[in-house]
Structures are given as C-alpha cells and as structure tokens.
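What follows is one structure encoded as structure tokens, with my remarks underneath.
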Amino acid sequence: MYLSCCCNYVKRWYHFNGCRGCFYRFLSQMEGGEFHALEMLGTFALSIGAAVGMEFWARWAHKALWHASLWHMRESHHRAREGPFELNDVFAIINAVPAIALLSYGFFDNGLIPGLCFGAGLGITVFGMACMFVHDGLVHRRFLVGPIAGVAVLQRVAAAHQVQISIFTFIIIKR
Numbered sequence: 001m002y003l004s005c006c007c008n009y010v011k012r013w014y015h016f017n018g019c020r021g022c023f024y025r026f027l028s029q030m031e032g033g034e035f036h037a038l039e040m041l042g043t044f045a046l047s048i049g050a051a052v053g054m055e056f057w058a059r060w061a062h063k064a065l066w067h068a069s070l071w072h073m074r075e076s077h078h079r080a081r082e083g084p085f086e087l088n089d090v091f092a093i094i095n096a097v098p099a100i101a102l103l104s105y106g107f108f109d110n111g112l113i114p115g116l117c118f119g120a121g122l123g124i125t126v127f128g129m130a131c132m133f134v135h136d137g138l139v140h141r142r143f144l145v146g147p148i149a150g151v152a153v154l155q156r157v158a159a160a161h162q163v164q165i166s167i168f169t170f171i172i173i174k175r
C-alpha cells in the first residue's frame, strides 16, 4: 500500500513538474519577445524521436545485454520479488542518468543545441515513464496504475507479455 501511494505521489509530482519545466524553458526563451520556432520544433521533434529510439535501444539491450552478460542483474525481474525493489531496477537508473544530464543542460542553457538536448532528455524520460507504468505497473502489478488498467489494448499487451515471460522462464528452467 505504501509503495502504491508513493508511486502515485511521484507520478503526480513528475507530471506537474515535467509540464512546468517545458513551459518555463520556452517562456524564458521568449522573454525578449522573440519566438524561436526552429528551437521549439527541434525540441518537440527530438523528444518524439528519442522516445521512439529508446524502444529500439530497449529491444537491443534486452536481448544483447540484459539476457546475456547482465543476466545476473536481470534475473531478479523473472523471480519472485522480496520487497518493493529488485536488482533489475538498476537499469532504469542507468537510463535516467543521460536523460537527467540532457534535461539539465537543455533547461539551463539557451540555444538550438541545448533545446535539442532538452528534447532528447524529455523523450528518454517519457519512454521511461511509459515503461514504468505499463510494464512494471500494469503487467507486473508492482503498483496501482489507475484508469489505464481498464484500457483493452493495454490489457492485451499485458497478457501477451505474461505469455512471453512464462515461455522465457520455462526455457531458462529447462537449461
């Protein structure tokens, strides 16, 4: 119960501050009355591109790293969990480090390159949040996800992922 309350608080805080961060970044850019359309377009385009790119990174890393040389860490995700955290959560922290660095550089500096960095950091962050809520929340039920639990498409994604996990676990046990 404590973990689900804590996650809901973090979700609301992050959503509020993430939107506020974007608003203040662009507001500070327009203080002189100028509208930096190229920078804003680049930021939004790169945020979408980074989110899509993270899907490809996650697929590659899942196969080539997590289920290969880093299996000793990933294995905690495929076993019964004791407590709210598992060793596999380290991967989320590893992916958060470049996102935080890009967001910080992009937020505190002005110009096209910082704007692009802000967009890339935002895309990585949005992908991470989506993975956390859909995968950890909806599929593995590590915390309550609220109304998205009733979305039919996401229920089918969760069911398909459970089948994939059961097949993978069967293969690992047979080895």
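Position one of the sequence shown corresponds to residue 1 (UniProt numbering), numbered consecutively onward. No residue lacks a Cβ here, since even glycine has one placed at the ideal position from N, Cα and C.
For a test of the three-state rule: what should DSSP assign to residue i, helix, strand or coil?
i	result
Gly121	helix
Pro84	coil
Val145	coil
Asp89	helix
Asn110	coil
Val151	coil
His36	coil
Leu138	helix
Leu70	coil
Leu3	For Leu3, the pLDDT reaches just 44, beneath the cut-off of 50, and the residue's location in the model is therefore unreliable, although a value from the coordinates is still provided. In this structure, Leu3 counts as helix in the three-state DSSP scheme.
Arg59	helix
Tyr9	Per-residue confidence for Tyr9 stands at a pLDDT of 47, beneath the threshold of 50, marking its modelled position as unreliable; the derived number appears in the next sentence. Of the three classes helix, strand and coil, the one that applies to Tyr9 here is helix, per DSSP.
Arg156	helix
Tyr14	Residue placement at Tyr14 cannot be trusted, given a pLDDT of 49 that sits under 50; the coordinates are not used to answer.
Arg25	helix
Arg79	coil
Answer yes or no: do residue i and residue j have a C-beta to C-beta separation smaller than 9 Å?
i	j	result
Ser47	Gly150	no
Met54	Ala92	no
Pro84	Arg20	no
Gly111	Gly121	no
Gly115	Met40	yes
Gln75	Leu87	One point to set straight first is that residue 75 is Glu, not Gln, in the sequence displayed. Yes, the Cβ-Cβ distance between Glu75 and Leu87 is below 9 Å.
Are there 16 or more other CB atoms within 10 angstroms of the CB of residue i, so buried, or fewer, so exposed?
i	result
Trp13	In this prediction, Trp13 has a pLDDT of 47, which is less than 50 and means its spatial position is unreliable; what the coordinates show is noted afterwards. The residue is exposed, with fewer than 16 neighbouring Cβ atoms inside 10 Å.
Glu82	exposed
Asp109	exposed
Cys7	Reliability of the predicted coordinates at Cys7 is poor, the pLDDT of 47 falling under 50, and the value obtained from them is presented with this limitation in mind. So Cys7 counts as buried.
Ala99	buried
Arg156	exposed
Arg59	exposed
Arg79	exposed
Roughly how far, in whole angstroms, is the beta-carbon of residue i from the beta-carbon of residue j, given that I think they are within contact range, below 8 Å?
i	j	result
Ala158	Leu138	5 Å
Ala51	Val126	5 Å
Within the chosen definition, does the region 128-142 reach the region 88-103 through at least 3 CB pairs nearer than 8 Å? yes
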